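Residue numbers (the working numbering): 1309 to 1490.
Next up, the structure:
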């Protein structure tokens, strides 16, 4: 049963509103379903949007953040709980350990790195939980094409081409969870 969901997403405030709106929709759905979110504790970008929407809709959020980011004033002030770590790697490991599933929204280097690492962990049997890529505005199409190319060129086994699910709208994320685990 899925109750704790790790969410990876952008920390940028300069993104198009389509990403903000869909992140807020997802946060509301997660909160309305009384799910507990684990995220990077950020007070900017989609991390803030998702946190605010989850909490205002009845859910809870644990933020996992390295001390150096707290020192820079980047920690959201309205989290249900905060776990401070020493390193980024410890942050990612803690988020994975606490979660029953992972959702990746659009984002930059950090989000992409988190997504690829959790897919790799799933491939290696270190994370045997669902991974959902929320492909808002077709953001992840180039990455998904790259994955298909890597399968076609035999860099990735075909058996490993289905380690994740793709949703295009927040409701589809919930449909996937309902079909699989909730």
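In this text, a Cβ means the ideal position worked out from N, Cα and C, and glycines have one as well. Bear in mind that the values here come from a model prediction, so they are computed numbers and not experimental data.
Please work out which residues of its chain come closer than 6 angstroms, Cβ to Cβ, to residue i, disregarding the five sequence neighbours upstream and downstream, and give them in chain order.
{"i": "residue 1473", "result": "1440, 1484"}
{"i": "residue 1444", "result": "1327, 1330, 1414"}
{"i": "residue 1365", "result": "1336, 1339, 1340"}
When you compare only the Cα positions, how much space is there between residue i and residue j?
{"i": "residue 1421", "j": "residue 1391", "result": "21 angstroms"}
{"i": "residue 1419", "j": "residue 1411", "result": "10 angstroms"}
{"i": "residue 1459", "j": "residue 1465", "result": "6 angstroms"}
{"i": "residue 1452", "j": "residue 1377", "result": "31 angstroms"}
{"i": "residue 1490", "j": "residue 1309", "result": "Residue placement at residue 1490 is poorly supported in this model, since its pLDDT is 49, which falls under 50; the coordinates still yield a value, given next. Approximately 5 angstroms, taken between the alpha carbons."}
{"i": "residue 1379", "j": "residue 1402", "result": "20 angstroms"}
{"i": "residue 1542", "j": "residue 1325", "result": "Residue 1542 cannot be examined here, being either before or after the span of the chain that is shown, 1309 to 1490."}
{"i": "residue 1354", "j": "residue 1344", "result": "17 angstroms"}
{"i": "residue 1322", "j": "residue 1477", "result": "21 angstroms"}
{"i": "residue 1404", "j": "residue 1423", "result": "11 angstroms"}
Just to confirm, is the Cβ distance from residue i to residue j under 8 angstroms?
{"i": "residue 1425", "j": "residue 1400", "result": "yes"}
{"i": "residue 1331", "j": "residue 1317", "result": "yes"}
{"i": "residue 1369", "j": "residue 1387", "result": "yes"}
{"i": "residue 1383", "j": "residue 1349", "result": "yes"}
{"i": "residue 1347", "j": "residue 1357", "result": "no"}
{"i": "residue 1319", "j": "residue 1352", "result": "yes"}
{"i": "residue 1447", "j": "residue 1469", "result": "no"}
{"i": "residue 1312", "j": "residue 1407", "result": "yes"}
Is the Cβ of residue i closer than 8 angstroms to any Cβ of chain D?
{"i": "residue 1361", "result": "The structure shown contains no chain D, having only a single protein chain."}
Once you ignore the five residues that flank residue i on each side, which residues in its own chain have a CB closer than 7 angstroms to its CB?
{"i": "residue 1396", "result": "1374"}
{"i": "residue 1481", "result": "1334, 1411, 1440, 1442, 1475"}
{"i": "residue 1253", "result": "In the structure as shown, the chain begins at 1309 and stops at 1490. Residue 1253 is therefore absent and cannot be evaluated."}
{"i": "residue 1488", "result": "1438"}
{"i": "residue 1342", "result": "1366, 1367"}
Can you find the residues in the same chain that come closer than 8 angstroms, C-beta to C-beta, to residue i, ignoring five residues on each side of it along the sequence?
{"i": "residue 1436", "result": "1430"}
{"i": "residue 1416", "result": "1318, 1319, 1320"}
DSSP puts residue i in a beta bridge; with which residues?
{"i": "residue 1344", "result": "1312, 1368"}
{"i": "residue 1357", "result": "For residue 1357, which the question treats as bridged, DSSP gives no partner whatsoever."}
{"i": "residue 1442", "result": "1475"}
Segments of 3+ residues assigned as beta strand (DSSP E) that fall wholly inside the segment 1361 to 1431: 1368 to 1374, 1389 to 1393, 1409 to 1412
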